[in-house]
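A.B. asks: Below is a structure I'd like to ask you about.
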Amino acid sequence: MLVFSWNIRGLDIRRTFRYLKNFLQDKMPDLIFLAETRMTAVHMGRFFTKLGSGGVVCVPHDGLSGGLCTLWKQGLSVQLISSSVGHIDVWVTYPTSQVIRVTGFYSHPKPGQRRHSWELLRRLSYITTAPWLCCGDLNEVLSFDEKSGNRPRSESPD
């Protein structure tokens, strides 16, 4: 299973579209999870219809941030389990009848709110013992040398 996860941070829609279209044609991933689309449901529908994916599940943005999408290629059967501003959880069934659970996850950007994100992920982990792939943006670093750009971060727990 080839999965691509990208926090697009609301990039210019034309540039993002061109990149994704080329990426889909070149790499042919089974599933793509996008975070921080910053798009309304209407815009997301138009955008992803033009990409020619097999299907899409989207969570619209909330205010000036957020927005999540999971797209998949034709030939896969995808069933939504649950979604929120922080995740999209799906069952993926291959033509061979192999079933895998995939969760696209976006942790809260504010350190003081991340405990809610981790609790959500913990609850999601209890759903099944089937194969599970969790991908996305955890908004977390293990050490300072992983961090570049934006604001510096303290190493103390929240």
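The sequence shown finishes on residue 164 if you use the working numbering, and the numbering steps up by one all the way, no holes.
Positions of the beta carbon are idealized from the N, C-alpha and C atoms, including for glycine.
#1: Are G60 and K79 closer than 8 Å when you measure CB to CB?
#2: Could you give the uninterrupted runs of the beta strand (DSSP E) lying entirely in the region 76–115, keeping only those of 3 residues or more?
#3: If contacts are defined as beta-carbon pairs under 8 Å, then G110 and F39 qualify, I think. What distance do you get, rounded to the angstrom?
#4: Could you check the C-alpha separation between M50 and T102 for me, to the nearest Å?
#5: State the DSSP-derived secondary structure class of G51, mapped to helix, strand or coil.
#6: If you draw a straight line from the alpha carbon of E42 to that of G73, how long is it in whole angstroms?
#7: Tell me which same chain residues have a C-beta within less than 6 Å of the C-beta of Y100, skipping the five on either side of it?
#8: Comparing alpha-carbon positions, which option in T22, L8, M7 lies nearest I14?
#9: Measuring only the C-alpha atoms, how far is D164 from P115?
C.D. replies: Walking through what the data contain:
#1: yes
#2: 83–90, 93–99, 105–112
#3: 3 Å
#4: 30 Å
#5: helix
#6: 5 Å
#7: none
#8: T22
#9: Residue placement at D164 cannot be trusted, given a pLDDT of 46 that sits under 50; what the coordinates show is reported in the next sentence. Distance between the alpha carbons of D164 and P115 is about 12 Å.
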